Amino acid sequence: MARRNDRLPPPENPNTDYRLKRRRPHRSGPSDAHFKRRRLAPKSDTSTGTHKSHRLNRFQAFSSSSQNRRKKRRVGKSGGSSSRGACSRRWIFSSADCSNFNDKVTIVSYNILGVENASKHLDLYANTPRSFLEWERRKRLIFEEINTYNASVLCFQEVDHFNDLDNLFQNNGFKGVYKARTGDAHDGCALFWKDKLFTLLHQEDIEFQRFGLRNNVAQLCVLEALYTHEAIYLSLIICFITLVLISLFGNWQARNDKPESETSGLTTVTSSTQRKRFVIGNIHVLFNPNRGDIKLGQVRLLLDKAYKLSEEWGSIPVIIAGDLNSLPQSAIYEFLASSKLDIQLHNRKNMSGQLEIQSNSRVFRSQIGYEASISISRSRQFLHGWTMEELNLAAGAIGVTNLQHHLNLRSAYSGVPGNHGTRDDIGEPLATSYHSKFMGTVDYIWHSEELTPVRVLETLPIDILRRTGGLPSEQWGSDHLALVCELAFANNGTVS
0 MARRNDRLPP PENPNTDYRL KRRRPHRSGP SDAHFKRRRL APKSDTSTGT HKSHRLNRFQ
60 AFSSSSQNRR KKRRVGKSGG SSSRGACSRR WIFSSADCSN FNDKVTIVSY NILGVENASK
120 HLDLYANTPR SFLEWERRKR LIFEEINTYN ASVLCFQEVD HFNDLDNLFQ NNGFKGVYKA
180 RTGDAHDGCA LFWKDKLFTL LHQEDIEFQR FGLRNNVAQL CVLEALYTHE AIYLSLIICF
240 ITLVLISLFG NWQARNDKPE SETSGLTTVT SSTQRKRFVI GNIHVLFNPN RGDIKLGQVR
300 LLLDKAYKLS EEWGSIPVII AGDLNSLPQS AIYEFLASSK LDIQLHNRKN MSGQLEIQSN
360 SRVFRSQIGY EASISISRSR QFLHGWTMEE LNLAAGAIGV TNLQHHLNLR SAYSGVPGNH
420 GTRDDIGEPL ATSYHSKFMG TVDYIWHSEE LTPVRVLETL PIDILRRTGG LPSEQWGSDH
480 LALVCELAFA NNGTVS
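Quick note on numbering: numbering that gives the first Met the number 0 labels position 316 of the sequence shown as 315, and the sequence is numbered without any gaps.
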């Protein structure tokens, strides 16, 4: 959770009530019945407030009721919205042609604001009514919000009431795993997946304390889709062939007389070559802006372990979600996006951009443009901000200053262009977190090149955020906004 340093100032008059009232639900009258019976055209999903993409998500099809399936409709790439009163968030669709991608997964990354953190840092919520910080109220808002997204996988950070979440989401068909932080803090990370859509093949928790990187934790899971478009199609073919054989021969003798090579291939196809698997990582990076070495070390370690896990399971796709406590203009973001980083070119205290933003945001934005031709004297100047111990923590090895990871990662949000009111120059949201002392972006969803973003849920415009006076608000249950994206599997997302 971002704790300090304003990126954008709070509202000019904090005493003014900027809370937004929810719209009253529409009540159907007698005149509405005529239109309901006619069903002249498909309607948008009124249960979620969202417009669906032009092709049905095969992973989601098996979890939707027949009633919900009838409500789905095809829309253009302008997208729909996920409405919550006067504050609505719109789905933004990729400009790329995603019609050939049948198997998709919807990911949510959400720092839900730990109960303990909220009570210990009341100064961050000076403009927030105390009732808006109550967990029972926030829990209900978060649960209702998540239900509107029809998500497949949920990645939560700052979870200190896991049992509450587990009980709620189990009723909606989710299974979850939890990893608490080490040390005195009581929050941790939680990862849920739709039980009807995926099965958990592998789980791995990372305790960064074991590597000298503080008490934060991360999760890595390997999930396998139970249903895919290709598997369904081939299963139908097998059923058809089986029915034909039965009708011709009256029993299974015909199949038994066939050479094994002619009959075993079909089952091999459906059980082996059509499986969709992926690695999903969930992390909450250390907040302390002064410890860029720890932050970088935590991110580096997660990426290394995610890559090894991907290779062990057949070079499967990777998704990384979480609160990185780093700005889009930071060196840590650069490391994720470019797969490499020269530590010597960056001041340890400015690795995440959280301190630099306090004095002059333009100074930090220029750091993204560093070239390899920077003079040695300039590099040495940056190196003076590091001790050998700090370099070792960041790089994970003695004497290493050039970091590299083997995942070709892309940001889901920067991959789907938004509008000026919600995005920065590189396509990231302008703000994913807002309270009395900070407004900015620290949350991300990254994916490897085997996946492509189909759509993302746009964050709130800055002017709308300002009117709330700070989060949590009447309509939003955390001081962060949930990031939601739909990713499609390319052909090489299939396990052979």
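Ideal Cβ positions, reconstructed from N, Cα and C, are used throughout, including at glycine.
The model shown is predicted, which means the values in this text are computed figures rather than measured ones.
Contacts around residue i, its chain only, beta-carbon distance under 6 angstroms, and the 5 residues preceding and following it disregarded
| i | result |
| --- | --- |
| residue 285 | 213, 215, 293 and 294 |
| residue 181 | 206, 208 and 214 |
| residue 140 | 476 |
| residue 200 | 221 and 223 |
| residue 122 | none |
| residue 481 | 107 and 109 |
| residue 105 | 150, 151 and 485 |
| residue 142 | 167 |
| residue 487 | 97, 100, 103, 451 and 453 |
Extent of the continuous alpha helix (DSSP H) run through residue i
| i | result |
| --- | --- |
| residue 131 | Element bounds for residue 131: n/a, residue is neither H nor E. |
| residue 332 | 330-337 |
| residue 309 | 291-311 |
| residue 394 | 387-394 |
| residue 166 | 161-169 |
| residue 325 | Taken as a continuous stretch (DSSP letters only), residue 325 belongs to no alpha helix (DSSP H), as it is neither H nor E. |
Reference residue i; option with closest CA among the options
| i | options | result |
| --- | --- | --- |
| residue 176 | 187, 183 and 128 | 187 |
| residue 101 | 452, 458 and 401 | 452 |
| residue 466 | 385, 489 and 433 | 433 |
| residue 570 | 486, 194 and 393 | Outside the modelled stretch of the chain, which goes from 0 to 495, sits residue 570, for which no answer is possible. |
| residue 354 | 114, 166, 203 and 291 | 291 |
| residue 322 | 183, 154, 246 and 126 | 154 |
| residue 136 | 384, 482, 464 and 473 | 473 |
| residue 343 | 394, 400, 300 and 324 | 400 |
| residue 149 | 172, 166, 164 and 439 | 172 |
| residue 419 | 389, 442 and 460 | 460 |
| residue 348 | 388, 289, 299 and 318 | 289 |
| residue 211 | 300, 445, 317 and 225 | 300 |
| residue 350 | 307, 298 and 318 | 298 |
| residue 496 | 405, 441 and 164 | Since the first residue of the chain shown is 0 and the last is 495, residue 496 is not available in this structure. |
| residue 405 | 395, 307 and 437 | 307 |
| residue 280 | 445, 387, 464 and 478 | 445 |
| residue 189 | 423, 132 and 163 | 163 |
| residue 489 | 287, 443, 317 and 423 | 317 |
| residue 437 | 478, 422 and 170 | 478 |
| residue 331 | 147, 165, 443 and 120 | 443 |
| residue 138 | 120, 165 and 287 | 165 |
Endpoints, the beta strand (DSSP E) within which residue i is located
| i | result |
| --- | --- |
| residue 350 | Taken as a continuous stretch (DSSP letters only), residue 350 belongs to no beta strand (DSSP E), as it is neither H nor E. |
| residue 281 | 274-283 |
| residue 203 | 197-206 |
| residue 117 | Looking at the DSSP string, residue 117 is not in any beta strand (DSSP E); the run it does join, the alpha helix (DSSP H), is 114-119. |
| residue 226 | Premise fails: residue 226 is in no beta strand (DSSP E) and is neither H nor E. |
| residue 415 | That residue, residue 415, is in no beta strand (DSSP E); it is neither H nor E in DSSP. |
| residue 105 | 103-110 |
| residue 483 | 482-488 |
| residue 155 | 152-158 |
| residue 177 | 173-179 |
Rounded distance between the beta-carbons of residue j and residue i, thought under 8 angstroms
| i | j | result |
| --- | --- | --- |
| residue 340 | residue 402 | 5 angstroms |
| residue 278 | residue 320 | Their Cβ separation, rounded to whole angstroms, is 11 angstroms, which puts residue 278 and residue 320 out of contact at 8 angstroms. |
| residue 410 | residue 336 | 7 angstroms |
| residue 398 | residue 413 | About 33 angstroms; that fails the 8 angstroms criterion. |
| residue 457 | residue 129 | About 30 angstroms; that fails the 8 angstroms criterion. |
| residue 393 | residue 296 | 5 angstroms |
| residue 352 | residue 326 | 4 angstroms |
| residue 126 | residue 435 | 6 angstroms |
| residue 439 | residue 430 | 6 angstroms |
| residue 191 | residue 225 | No, residue 191 and residue 225 are not in contact; Cβ-Cβ is about 16 angstroms, not under 8 angstroms. |
| residue 471 | residue 161 | Wrong, their Cβ atoms sit about 19 angstroms apart, outside the cutoff. |
Contact set for residue i: own chain, Cβ-Cβ below 8 angstroms, skip 5 residues either direction
| i | result |
| --- | --- |
| residue 315 | 221, 276, 277, 278, 309, 449, 492 and 494 |
| residue 454 | 52, 78, 90, 91, 92, 93, 415, 484 and 485 |
| residue 185 | 113, 115, 159 and 179 |
| residue 462 | 420 |
| residue 312 | 200, 201, 221, 276, 278 and 494 |
| residue 464 | 430, 433, 438 and 470 |
| residue 95 | 451 |
Chain-order list of residues whose beta-carbon lies under 7 angstroms from that of residue i (same chain, five-residue window excluded)
| i | result |
| --- | --- |
| residue 157 | 0, 110, 111, 112, 113, 116, 186 and 283 |
| residue 407 | 338, 447 and 448 |
| residue 145 | 107 and 153 |
| residue 469 | 9, 124, 126, 127, 433, 434 and 435 |
| residue 384 | 346, 347 and 348 |
| residue 204 | 178, 216 and 218 |
Closer than 8 angstroms to chain D by CB, residue i
| i | result |
| --- | --- |
| residue 339 | The structure shown contains no chain D, having only a single protein chain. |
**Message:** Quick check for students: name the residue ranges of the alpha helix (DSSP H) that lie wholly in the region 430-479, counting only runs of 4 or more.
**Reply:** 461-467
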